[in-house]
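So the protein sequences, as listed, match chains A and B.
Per the working numbering, the very first residue in the first sequence carries number 740; after that it's consecutive.
Per the working numbering, the very first residue in the second sequence carries number 1225; after that it's consecutive.
All residues carry an ideal CB built from backbone N, CA and C; glycine is no exception.
Here the structure is laid out as structure tokens; the discussion comes afterwards.
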Amino acid sequence: MTYPKLSVERVSKWYDLGHGESLLALQDVSLTVQPNEFVSLLGPSGCGKSTLLMMAAGLEEITSGHIFVDGREVEGPGLDRGVVFQTYTLFPWLTVAENVRFALKKSNLTAAEQEERVRHHLELVGLAAFASAYPNQLSGGMRQRVAIARALVYRPQILLMDEPFGALDAQTRMLMQELLLEVWQQDRTTVLFVTHDVDEAILLSDRIYVMTARPGRIKAELRVDLPRPRHWLETEGSLHFAELRHEALRLLHEEVRRTGG
Amino acid sequence: MKMKRRAPPLLELRRPIPQTWYWGAGLSFIGAFLLAWVLLTSLGLVPRIFLPSPLAVANELVRQAQSGILWQDASISLYRIFVGWLLSTLLAVPIGILMGNFHFFEGLFEPFIDLVRYMPAVAFVPLTILWLGVGDTQKFAILFIGTFFQEVLLIMDNVKTVPRELIQISSTFGLSKWEILRHVILRAALPGIWDTFRITLGWAWTYLVVAELVAASVGLGYRIMRAQRFLETETIILGILIIGAMGLITDYLFKITYKKFFRWALQTR
């Protein structure tokens, strides 16, 4: 029997606000991500999409429901999942190569194999020339490229990305999205990608789950059958892209209208 | 049309000013202070016993340096400060790290530390003499009391400022909590801890006079207290200046070693 790479089953999340009050952040969310699929969670801010990703990463407790990776229930963080945050998470005291290599601390690879893995992944994100630079010498976009290389270097079953380009300027973000497409095209690691950017979700994904405003629920599922490989200019110019964008915006618009943003 | 040469704007909100103006201002202020001192004393506006002239203080410096008192005082004081501060640091670092990482230890120690840290170190002088006698141990104890309870809270804060995301991402690489503590939290907190060392060693200098208040026979603080008895105002002023200068030097040593050890922590872009 084959399992989906990621399966979220009726997950809810309550936050305890103290004084006997609590807040429902996510309500009964179910979704699946198939092997080699690129799936986005698209929703207005505060809808709990990042919370869901953190729960899948094992970094946030699940109030009720279950999350499975490859058929095994998530009980904490693990090497079967790679995570990329929106904030910069490189270790500032390590060089770029040492940062990537740090993620292999728990692997059984020999030193030479580790070296080779690190080199390969830095090439993948186009940063081989910066192997011995320190994070404070890098731009925001470069730091996120290192973070992606570091999350892929131990070959996780699924890559969980929480608005990884959210802190970057619009032009850098476009470059990073295309770079991610190129990297993904090579080995098609399964990805769950959280974003509130409609264009980003369409450009990158095979499927998009659109979420409601808080409490977050799955509002709709959009299939993105645009041909791959994709590039900004060709893909964004197609009629189908425009239709998908219109539909996604309509769904989001309903939500922000309903809650007043 | 002729361009008018304008003085650089010096009083813009948060705008840096040229280096020459910056340093010039600081040196001028010290210069003005010295000048006021010279004028007050040379014009006889203040009796010598209240405020001796800078020359008298300089003569006292030469006298103490030639007789060897200065070196004896400075080295014994340096030794006391270093041991007192080291004892405080050896205890503050592990306890501060535990408090910053484990809520339990914060709950265990913080109420007690908060209580003690507002107690004046000088009030412990009689007790420490009673308990520890009049030797160096009593001096170490005063320096310890003056330093430790603040230092441990600063170390706790240093540890707490390590971003949560760094800890979370490390756990996704399969590291245990002890490995994260050692390889990530401590490494990330180290520059802040180093800065805490700089600040607390500075405080130790300010507690020197208190530590050498009673039952000392040598030391920079003792020299000041003794001079008070004989109204040797120039000795008092000299002692204060030397303590200030030595504090400045140790501060500076920590600053340059910080830049050497923690280049990665300096913001370059």
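For residue 1376/B, same chain residues with a beta-carbon under 8 Å away, outside a window of 5 residues either side, are 1315, 1316, 1319, 1320, 1323, 1333, 1337 in chain order. Residue contact check for residue 875/A against chain B: a CB pair falls below 9 Å. Here residue 805/A is exposed, its C-beta having fewer than 16 other C-beta atoms within 10 Å. Contact annotation: residue 784/A and residue 935/A have beta-carbon atoms nearer than 9 Å.
Taking every protein chain shown into account, the CB of residue 1362/B has 16 or more other CB atoms within 10 angstroms, so this residue is buried. Where residue 901/A is concerned, the enclosing beta strand (DSSP E) starts and stops at 897-901.
By the CB criterion at 9 Å, residue 1431/B and residue 1370/B fall inside the cutoff. Secondary structure at residue 770/A: strand, using DSSP grouped into helix, strand and coil. Three or more beta-carbon pairs drawn from the stretch 1418-1429 of chain B and the stretch 1477-1486 of chain B are found closer than 8 Å, and the two stretches are therefore classed as touching.
Counting every other CB atom within 10 Å of its CB across the protein chains shown gives residue 944/A a total of 16 or more, marking it as buried. For residue 822/A, the nearest CB of chain B lies under 9 Å from its own CB, placing it at the interface with that chain. With a cut-off of 8 Å on Cβ pairs, the stretch 900-917 of chain A is in contact with the stretch 876-889 of chain A, counting three or more such pairs. DSSP lists 957/A as the bridge partner or partners of residue 950/A. At a cut-off of 9 Å between C-beta atoms, residue 850/A does not count as an interface residue with respect to chain B.
Around the beta carbon of residue 794/A, 16 or more other beta carbons sit within 10 angstroms, so the residue counts as buried. Closer than 7 Å at the C-beta level to chain B, one finds no residue of the stretch 901-935 of chain A. A distance of 9 Å or more separates the beta carbons of residue 873/A and residue 923/A. Residue 761/A and residue 834/A have their C-alpha atoms spaced approximately 43 Å apart. The C-beta of residue 788/A comes no closer than 9 Å to any C-beta of chain B. For residue 861/A, no Cβ of chain B is located within less than 9 Å of the residue's own Cβ. Membership of residue 754/A in the beta strand (DSSP E) is indicated by the continuous run 745-757. Per DSSP, the continuous beta strand (DSSP E) segment holding residue 820/A begins and ends at 820-823. In the DSSP assignment, residue 1308/B falls within the alpha helix (DSSP H) that extends over 1293-1325. In this structure, the CA atom of residue 1290/B is about 16 Å from the CA atom of residue 1447/B. Listed along chain A are 824, 826, 828, each with a C-beta nearer than 7 Å to that of residue 1389/B. Under the 9 Å criterion on CB atoms, residue 1407/B is classed as interfacial with respect to chain A. Between the alpha carbons of residue 802/A and residue 963/A lies a distance of about 31 Å. With a threshold of 9 Å between beta carbons, residue 757/A makes no contact with chain B. With contacts defined as CB atoms closer than 9 Å, residue 853/A and residue 866/A fail to qualify as a contacting pair. Setting aside the 5 residues that flank it on each side, residue 1329/B is surrounded in the same chain by 1322, 1323, each with a C-beta closer than 7 Å to its C-beta; the list follows chain order. Here residue 1254/B is exposed, its C-beta having fewer than 16 other C-beta atoms within 10 Å.
In this structure residue 1299/B is exposed. Its beta-carbon is surrounded by fewer than 16 other beta-carbon atoms within 10 angstroms.
In the displayed model, residue 1481/B falls within a helix according to three-state DSSP. Proximity of the stretch 882-890 of chain A to the stretch 912-923 of chain A meets the contact definition, three or more beta-carbon pairs being nearer than 8 Å.
At least one CB atom of chain A sits nearer than 9 Å to the CB of residue 1397/B. Around the beta carbon of residue 1239/B, a 10 Å sphere encloses fewer than 16 other beta carbons of the protein chains shown; the residue is thus reported as exposed.
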